[in-house]
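Residue numbers (the working numbering), protein chains in the order written: chain A, 44 to 398; chain B, 366 to 665.
For glycine and all other residues, C-beta sits at the position ideal for the given N, C-alpha and C.
Worksheet: one structure, shown below.
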Amino acid sequence: MSETITPTGAGAGSAAGAVEPPRGGWGGPARRWLRGAGEAFLRRREASVLLVALGLLVYFQASTPIFLTSDNLRNIAQATGPTAIVAVGMVFLLVSGEIDVSVGMVAALAPYLMHYAIDFYAVPAIPAIGLALAIAAGIGWVNGFISIRLRVPSFVTTLGMFYLLYGVLLTTSHAYPVAIPEATKGTLQTWLGAADWASLIWCLLIVGIFHLVLTQTRWGLHTISVGGNPLGATEAGIRAGRIKTGNFMIASVLGAFAGLLEAFRINSIDPNIGGGTRITFTAIAAAVIGGTALAGGSGTVIGALFGMLVLAELQNGFNLLGISANSFFLIQGIAILVSMIANQYLSRLRRAGRT
Amino acid sequence: MTHPPTDPPHTHPPANPQPEARTEARTDPPAEARTEARTDPPAETRTEALRVENIAKRFGALTALRDVNLHLHKGEVLGLIGDNGAGKSTLIKIICGFHRPDRGRILLDGHEIVLRSVEHARTIGIDTVYQDLALINELSVYHNMFLNREHIRWPLLNNRRMRRLAQQQLDDMGVDIADVTTEVAKLSGGQRQAIAVARSVYSDARILLLDEPLAAMGAKEGTLILDLITDLKTRGDVSIIIIAHNYAQVLQVCDRVNVLQHGTITFDKPTTHTSQQELTDLMVAEYRTRRTNRTTNRHR
Chain A
44 MSETITPTGA
54 GAGSAAGAVE
64 PPRGGWGGPA
74 RRWLRGAGEA
84 FLRRREASVL
94 LVALGLLVYF
104 QASTPIFLTS
114 DNLRNIAQAT
124 GPTAIVAVGM
134 VFLLVSGEID
144 VSVGMVAALA
154 PYLMHYAIDF
164 YAVPAIPAIG
174 LALAIAAGIG
184 WVNGFISIRL
194 RVPSFVTTLG
204 MFYLLYGVLL
214 TTSHAYPVAI
224 PEATKGTLQT
234 WLGAADWASL
244 IWCLLIVGIF
254 HLVLTQTRWG
264 LHTISVGGNP
274 LGATEAGIRA
284 GRIKTGNFMI
294 ASVLGAFAGL
304 LEAFRINSID
314 PNIGGGTRIT
324 FTAIAAAVIG
334 GTALAGGSGT
344 VIGALFGMLV
354 LAELQNGFNL
364 LGISANSFFL
374 IQGIAILVSM
384 IANQYLSRLR
394 RAGRT
Chain B
366 MTHPPTDPPH
376 THPPANPQPE
386 ARTEARTDPP
396 AEARTEARTD
406 PPAETRTEAL
416 RVENIAKRFG
426 ALTALRDVNL
436 HLHKGEVLGL
446 IGDNGAGKST
456 LIKIICGFHR
466 PDRGRILLDG
476 HEIVLRSVEH
486 ARTIGIDTVY
496 QDLALINELS
506 VYHNMFLNRE
516 HIRWPLLNNR
526 RMRRLAQQQL
536 DDMGVDIADV
546 TTEVAKLSGG
556 QRQAIAVARS
566 VYSDARILLL
576 DEPLAAMGAK
586 EGTLILDLIT
596 DLKTRGDVSI
606 IIIAHNYAQV
616 LQVCDRVNVL
626 QHGTITFDKP
636 TTHTSQQELT
646 DLMVAEYRTR
656 RTNRTTNRHR
């Protein structure tokens, strides 16, 4: 990051401070240097979340020796994987200026769709999975259509969709869990979540791909554009509606995929997977802790992964330390608030850096 | 000399002669075209790049444009002035494909066109610098310069190429930006404006629409943009419409001035035949009549 113009205000602190480190004392230069360093630290938001994740790792390992055993790492990976995949889709939506709170319900519904297709309509396993993902894409499209064309705020649209899907799920499943269809057992189930590290590998693959999509492709650039400056992006000829609808579809499909992975892993299809809203809100929390702005225009996929890792570490570590699971939510709440305050502070710094 | 409407070539649509004339004009060596444009007096002999006929546009109860007729010669710089709310920006947004007119038609090189979108207008050579600049603060200078026109090495962006070209184009224009990877949010108002103009200039546009290009400019940067427009004019292959409030600048850089009042063009003269005083008087007169009419008639 080079400052090409002579910034005034907060920016000057960083530029001047970075060049000349303080020579002792707690006068102006030292404080400016600290502020500059803090700013540089905050600028790489993924880096700061990664530091938190590493710090937690060190702390928990120091407190309990089993934290870094391979069994426990697998637990953390399994807690991280599926929700991080949902968080990836959430990042895309948040960056383009929208939100989807129905995605957790899509995750719960998708395994049922697969189960209905296989067990009631005798569809082969792989097409049935494809069908479940396609229906998820359709749900995403409907979310997009209602939010963009009919101009209902996406929070409200997807809140409605959340209850609608919940109703569909409960009526069609009679609220009973079912077993994984026979047709998917074996290799397919192993690959799609049952193997120890399957969900983490899928998660890393998806994070890698979508990180590239967000930072290195037209789609990513236009996603940032429609979230950052909706009118400007439209004036430049970007079809904002298309981009946003596409991102709704991405979020839904990733949600469905995460739901399938989770169902295969726990070897059962459960209408209360993730407790309904839990997946959605954890994914939003991960995205936000990872540095994605709710107002749109900026966010990182890798940050969301680290954000999810932090949350998974916290939950797991608390379990190992024997701290009540109830206080985990306390920590999660504080983590969200702190990262949002940091986010706000950061954007104010950025604005001040502009002359 | 007033402007006799040149016999509009679109009234007889036989497809044959038209494309021929067009290809001829295109294959002309540019040097020749340039001398032609310079030696000839304006009007009659020059080819028409853009023609707007009977354009009307309403937004609900608000009539933005009643009946707009406007033409633009090849290589000409047309100044469009008018009060706030006269409909200038609406007209620009119709010509650039952002809004669709309720009525009327647009002819490009004598052929009627129906603009489906901004993207469509861009592909046929109509590009715009908007009043609000349409820059994305979160993106770098070079990503903004190639916004929605990105160079691709499928499936990824060709960032290296875009960086190089952006730096080159800005240097050519004399815009002082040391690092094109800087986020646009960090630049000054004038630098942002310069980037928006540079973006359109290098888009190979045939028709360039500038909506208040000098609004956020300091004296130095304003001169830069004016020089740039003059430069484009001498090259002669771009036709430009400029919306501006500063009449001195309009007279300095434009070939012809149109005044838009109450959603229609009320005045059309070459800059050599008008003066700052005349334009000012015209606008003041409009204000006077509007004040007297205010109770009975509400124009916007």
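Exposure of residue i, with buried meaning 16 or more beta-carbon neighbours within 10 Å
i: E225(A); result: exposed
i: L597(B); result: buried
i: H158(A); result: buried
i: A329(A); result: buried
i: I293(A); result: buried
i: R481(B); result: exposed
i: W76(A); result: buried
i: E356(A); result: buried
i: I172(A); result: buried
i: N310(A); result: exposed
i: P314(A); result: buried
i: Q641(B); result: exposed
i: F349(A); result: buried
i: R656(B); result: exposed
i: A347(A); result: buried
i: G376(A); result: exposed
Residue j beta carbon less than 8 Å from that of residue i
i: A122(A); j: L303(A); result: no
i: L174(A); j: V166(A); result: yes
i: G539(B); j: L589(B); result: yes
i: V618(B); j: V506(B); result: no
i: K439(B); j: L445(B); result: no
i: V549(B); j: L473(B); result: no
i: I332(A); j: A276(A); result: no
i: H265(A); j: I281(A); result: yes
i: E643(B); j: R261(A); result: no
i: G236(A); j: R308(A); result: yes
i: V353(A); j: V95(A); result: yes
i: A421(B); j: L430(B); result: yes
i: T400(A); j: L363(A); result: In the structure displayed, chain A extends from 44 to 398; residue 400(A) sits before or after that span and is not available.
i: L212(A); j: A150(A); result: no
Proximal chain D residues relative to residue i, where beta-carbon distance stays under 9 Å
i: R194(A); result: Absent from the structure: chain D. Protein chains present are A and B.
Three-state class that DSSP yields for residue i in the structure shown
i: L668(B); result: Because residue 668(B) is not part of the residues shown, which for chain B are 366 to 665, the question remains open.
i: E515(B); result: coil
i: I572(B); result: strand
i: K551(B); result: helix
i: S370(A); result: helix
i: A414(B); result: strand
i: N118(A); result: helix
i: R465(B); result: coil
i: D544(B); result: coil
i: I223(A); result: coil
i: R78(A); result: helix
i: D448(B); result: coil
i: N350(B); result: Here chain B comprises residues numbered 366 to 665, so residue 350(B) is not present and cannot be evaluated.
i: E141(A); result: coil
i: I457(B); result: helix
i: D492(B); result: strand
i: H89(A); result: It should be noted that the sequence gives Glu, not His, for residue 89(A). The answer is helix: DSSP assigns E89(A) an H, G or I state.
i: E477(B); result: strand
i: A421(B); result: strand
i: T335(A); result: coil
i: A429(B); result: strand
i: L363(A); result: helix
i: S505(B); result: strand
i: L521(B); result: strand
i: L530(B); result: helix
i: L207(A); result: helix
Original post:
Where in the segment 604–642 of chain B do unbroken runs of the alpha helix (DSSP H), each at least 4 residues long, occur, reported from the N-terminal end onward?
Top reply: Whole alpha helix (DSSP H) segments, 4+ residues: 612–618.
Subject >> Residues, ordered as in the chain, of the segment 334–368 of chain A that lie near chain B by beta-carbon distance below 7 Å >> reply: So the list reads G340, S341, given in the order they occur along the chain.
Original post:
Where are the alpha helix (DSSP H) runs, 4 residues long or more, that stay fully inside the segment 154–205 of chain A, in chain order?
Top reply: Look at the segment 154–205 of chain A and you find these whole runs of alpha helix (DSSP H), each 4 residues long or longer: 168–187.
Original post:
When you check each C-beta in the segment 451–479 of chain B against every C-beta of chain A, which residues fall closer than 7 Å?
Top reply: Under the 7 Å Cβ criterion, the segment 451–479 of chain B contributes F463.
**OP:** Check distances from the C-beta atoms of the segment 270–289 of chain A to those of chain B and list, in chain order, the residues that come in under 9 Å.
**Re:** For chain B, the residues of the segment 270–289 of chain A that bring a beta carbon within less than 9 Å of one of its beta carbons are G270, G271, N272, L274, G275, A276, T277, E278, A279, G280, I281, R282, in chain order.
Original post:
In chain order, what residues of the segment 488–509 of chain B put their CB closer than 8 Å to some CB of chain A?
Top reply: Those would be T493, Y495, D497, L498, A499, L500, I501, N502, E503, L504, H508, in chain order.
Original post:
Which of the residues in the segment 602–630 of chain B, read from start to end, lie with their CB under 7 Å from any CB of chain A?
Top reply: Listed in sequence order: no entries.
**OP:** Name, going along the chain, the residues of the segment 508–528 of chain B whose beta-carbon falls closer than 8 Å to a beta-carbon of chain A.
**Re:** If the cut-off is 8 Å between Cβ atoms, the segment 508–528 of chain B has H508, L512, N513, E515, I517, P520, L521, L522, N524 near chain A.
Original post:
Which whole runs of the alpha helix (DSSP H) in the segment 246–314 of chain A are 4 residues long or more, in chain order?
Top reply: For the segment 246–314 of chain A, whole alpha helix (DSSP H) runs of length 4 or above, ordered along the chain, are 261–271, 273–278, 283–309.
Original post:
Of the residues that make up the segment 230–264 of chain A, which ones have a beta carbon closer than 8 Å to any beta carbon in chain B?
Top reply: Here the close residues are L255, Q259, T260, R261, L264.
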